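Participant: In our numbering, the protein residues as written are 4 to 115. To start, I am sharing the structure in question, which I have written as structure tokens.
Written out as structure tokens, the structure is:
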């Protein structure tokens, strides 16, 4: 099993959520986060400069079976891509074990 952590634009969250459900990801956690990225310059809108030093993003935490990792990463990449600085990051790390408290299932069975 793997844990996929993705930091994406908030404006891309709804599209990404639908894509994840479409491929069979039935559960994941998410929350709003603020971070500092590579973008150094502010944006100008109607003559007013806005700082982009603090970036509002959405953080997704998803645990999937090993055979489902690439499909999940591909769905996030496809729907979160704009081609601009700040599209986000994806991290994949191993999960030693998972348990469903209610049924006492463990391993990948607990993810279904």
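We put the CB at the ideal spot given by N, CA and C, even for glycine. If you're wondering where the values come from, they're calculated on a predicted model, not measured in any experiment.
Could you compute how far the alpha carbon of residue 91 sits from the alpha carbon of residue 85?
Facilitator: Rounded to whole angstroms, residue 91 to residue 85 spans 10 Å at the Cα level.
Participant: Report buried or exposed for residue 74, applying the criterion of at least 16 other Cβ atoms within 10 angstroms of its Cβ.
Facilitator: Exposed, by the Cβ-count rule.
Participant: What is the C-beta distance between residue 58 and residue 39, in whole angstroms, given that I count them as a contact (C-beta under 8 Å)?
Facilitator: Confirmed, about 7 Å.
Participant: Determine the closest residue to residue 83 out of 18, 108, 98, with distance taken between C-alpha atoms.
Facilitator: Among 18, 108, 98, the Cα nearest to that of residue 83 belongs to 18.
Participant: Given residue 109, which residues of its chain have a CB within under 8 Å of its CB, disregarding the five upstream and five downstream residues?
Facilitator: Cβ neighbours of residue 109 beyond the five flanking positions: 100, 101, 102, 103.
Participant: With 16 other CB atoms within 10 Å as the buried threshold, where does residue 15 fall?
Facilitator: Classification for residue 15: buried.
Participant: What are the boundary residues of the beta strand (DSSP E) that residue 79 is part of?
Facilitator: That residue, residue 79, is in no beta strand (DSSP E); its alpha helix (DSSP H) goes 72 to 83.
Participant: Using alpha carbons as the reference points, say which of 9, 20, 26, 111 lies closest to residue 67.
Facilitator: Selected option, being the one with the closest Cα: 111.
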